[in-house]
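Colleague:
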Amino acid sequence: MTSMSDIDKISANREGFNLRARAHMQSSYYDVDRFKQGHNMLRRLEQEELGDVRGKSLLELQCHIGVNSLSLARMGAQVTGTDISDEAIDIARGLAEDLALDASFVQANLYDLPKVLDGEFDMVFTGYGTLSFLPDIDAWAKVAAQYVKPGGTLTVVEIHPMLTLFGDVDGELRVARSLFQNRDVHHEMSATYADRIADEVEVETHSIYGWRWSVEEVLNALIGAGLTIERIREVPYDARQRLPLMVPDGDHNWRIPGDPIPLSFSCTARRR
114 MTSMSDIDKI
124 SANREGFNLR
134 ARAHMQSSYY
144 DVDRFKQGHN
154 MLRRLEQEEL
164 GDVRGKSLLE
174 LQCHIGVNSL
184 SLARMGAQVT
194 GTDISDEAID
204 IARGLAEDLA
214 LDASFVQANL
224 YDLPKVLDGE
234 FDMVFTGYGT
244 LSFLPDIDAW
254 AKVAAQYVKP
264 GGTLTVVEIH
274 PMLTLFGDVD
284 GELRVARSLF
294 QNRDVHHEMS
304 ATYADRIADE
314 VEVETHSIYG
324 WRWSVEEVLN
334 ALIGAGLTIE
344 RIREVPYDAR
354 QRLPLMVPDG
364 DHNWRIPGDP
374 IPLSFSCTAR
384 RR
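Residue 114 is where the sequence shown starts when you use the numbering used here, and the numbers rise one by one after that.
What follows is the structure in structure tokens.
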């Protein structure tokens, strides 16, 4: 059997996220109704790492349905969001129009973004659950870096790869897989993620392909793209419940009791 190319896998992911986008309008993770009431959808780590965005031009990569981009617009940034999913971009544009928020959205495969989007930005940002859908981390970094103005920053906030290696076995944290072997991931999905595992939303069965990247690979990709790493953080909380043993921390994040491993990481890199 002929193996799928990365291009085919990216195309399958686009179809999958088109299916997920409408379902995410009802997902507790995106909580669109709360967002419409004025809630800032950026998680704590994202807000801390981005800081004051007032008056700054900001590009969010892989923005999905746009609630983070539009939260940043509410905070005073001049925002452009991009995503591979046509449906997600349509939703983002609709939310911007309905809420009279000034933000623009561009539909594109990230690797093809330079074909449809010009310019440089004070800040480039990518948040939770994005890097694992990219088959080439070095090419991602080069695309992202070219949008950073001299003196500007690229901020990444992501699921820590350590978390992806563990499973929940009878309420105990156990190593389930290797970061260095079988790094390509394929799942047949019939539900899409929510804040809590119990709240996942059913969708038509679809294929999702992913790739595991270590923190080292992410940082070296940014360095290789000509950026200077200024700050790295590892924290014991995550934006949603990924394992049954994770518990809410009262600040819209989830933790493993005892904080045994990092669950999220962030880095900020600057273009000199």
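Backbone N, C-alpha and C fix where the C-beta goes; we use that ideal spot for every residue, glycine too.
In the segment 150-198, which residue ranges form an unbroken alpha helix (DSSP H) of at least 4 residues, counting only runs that do not cross its ends?
Modeller: Qualifying alpha helix (DSSP H) stretches, in chain order: 157-163 and 180-187.
Colleague: Identify, in the order they occur along the chain, each residue of the same chain with its Cβ nearer than 8 Å to the Cβ of residue 114, setting aside the five sequence neighbours on each side.
Modeller: Its pLDDT being 32, under 50, residue 114 is placed unreliably by the model, and the measurement read from it follows with that caveat. Cβ neighbours of residue 114 beyond the five flanking positions: none.
Colleague: I'd like the span of the alpha helix (DSSP H) that includes residue 253, first residue to last.
Modeller: 250-259 is the extent of the alpha helix (DSSP H) around residue 253.
Colleague: Return the CA-CA distance between residue 194 and residue 212, expressed in angstroms with no decimal places.
Modeller: Their Cα atoms are separated by approximately 16 Å.
Colleague: Is it a yes or a no for the segment 213-221 touching the segment 234-243, going by three-plus beta-carbon pairs under 8 Å?
Modeller: Judged by Cβ distances under 8 Å, the segment 213-221 makes no contact with the segment 234-243, as fewer than three pairs qualify.
Colleague: Looking at C-alpha atoms only, which residue of 351, 338, 375 and 359 is the closest neighbour of residue 155?
Modeller: The shortest C-alpha separation from residue 155 is found at 351.
Colleague: If distances are taken between C-alpha atoms only, which option among 284, 375, 259 and 137 comes closest to residue 327?
Modeller: It is 375.
Colleague: Name the two residues that bound the continuous beta strand (DSSP E) containing residue 244.
Modeller: Premise fails: residue 244 is in no beta strand (DSSP E) and is neither H nor E.
Colleague: Using alpha carbons as the reference points, say which of 361, 365, 200 and 341 lies closest to residue 384.
Modeller: Nearest of 361, 365, 200 and 341 to residue 384, Cα basis: 341.
Colleague: Are the beta-carbon atoms of residue 353 and residue 379 separated by less than 8 Å?
Modeller: No, they are not a contact pair.
Colleague: DSSP three-state label for residue 134, please.
Modeller: If DSSP states are grouped into helix, strand and coil, residue 134 belongs with the helices.
Colleague: Identify every run of the alpha helix (DSSP H) within the segment 264-325, keeping only runs that are complete inside it and at least 4 residues long; order them along the chain.
Modeller: The qualifying runs are 274-277.
Colleague: Mind checking whether residue 272 and residue 241 have CB atoms under 8 Å apart?
Modeller: It is a contact, given that the beta carbons lie within the stated cut-off.
Colleague: Which partner residues does residue 219 have in the DSSP bridge list?
Modeller: Beta-bridge pairing links residue 219 to 195.
Colleague: So residue 256 and residue 224 are in contact, right, with Cβ under 8 Å, and what is the actual spacing, rounded?
Modeller: Confirmed, Cβ separation roughly 6 Å.
Colleague: Verify whether the separation of the beta carbon atoms of residue 381 and residue 173 is less than 8 Å.
Modeller: No, the Cβ-Cβ distance between residue 381 and residue 173 is not below 8 Å.
Colleague: Our contact map puts residue 139 next to residue 169 with C-beta atoms below 8 Å; I'd like the distance itself, whole angstroms only.
Modeller: About 32 Å separates the two Cβ atoms, so there is no contact after all.
Colleague: Among 268, 233 and 260, whose alpha-carbon lies nearest the alpha-carbon of residue 243?
Modeller: Of the candidates 268, 233 and 260, the one whose C-alpha sits nearest the C-alpha of residue 243 is 268.
Colleague: Any idea what DSSP makes of residue 384, helix, strand or coil?
Modeller: Residue 384 falls in the coil class under three-state DSSP.
Colleague: Take residue 178 as the anchor and find which of 208, 151 and 166 has the nearest alpha-carbon.
Modeller: When each option's Cα is compared against that of residue 178, the closest is 208.
Colleague: Within 10 angstroms of its Cβ, does residue 137 collect 16 or more other Cβ (buried), or is it exposed?
Modeller: Counting Cβ neighbours within 10 Å, residue 137 comes out buried, since at least 16 surround it.
Colleague: Can you tell me which of 261, 306 and 325 puts its alpha carbon nearest to the alpha carbon of residue 292?
Modeller: The residue with the shortest Cα to Cα distance from residue 292 is 325.
Colleague: Would residue 320 pass as a contact of residue 125 if the rule is Cβ separation under 8 Å?
Modeller: In contact: residue 320 and residue 125 (Cβ atoms closer than 8 Å).
Colleague: Please report the straight-line C-alpha distance between residue 334 and residue 260, rounded to a whole angstrom.
Modeller: Using only the alpha carbons, I get a separation of about 15 Å.
Colleague: Please classify residue 118: does DSSP put it in a helix, a strand, or coil?
Modeller: The answer is coil: DSSP assigns residue 118 none of H, G, I, E or B.
Colleague: Are the Cβ atoms of residue 166 and residue 183 separated by less than 8 Å?
Modeller: No.
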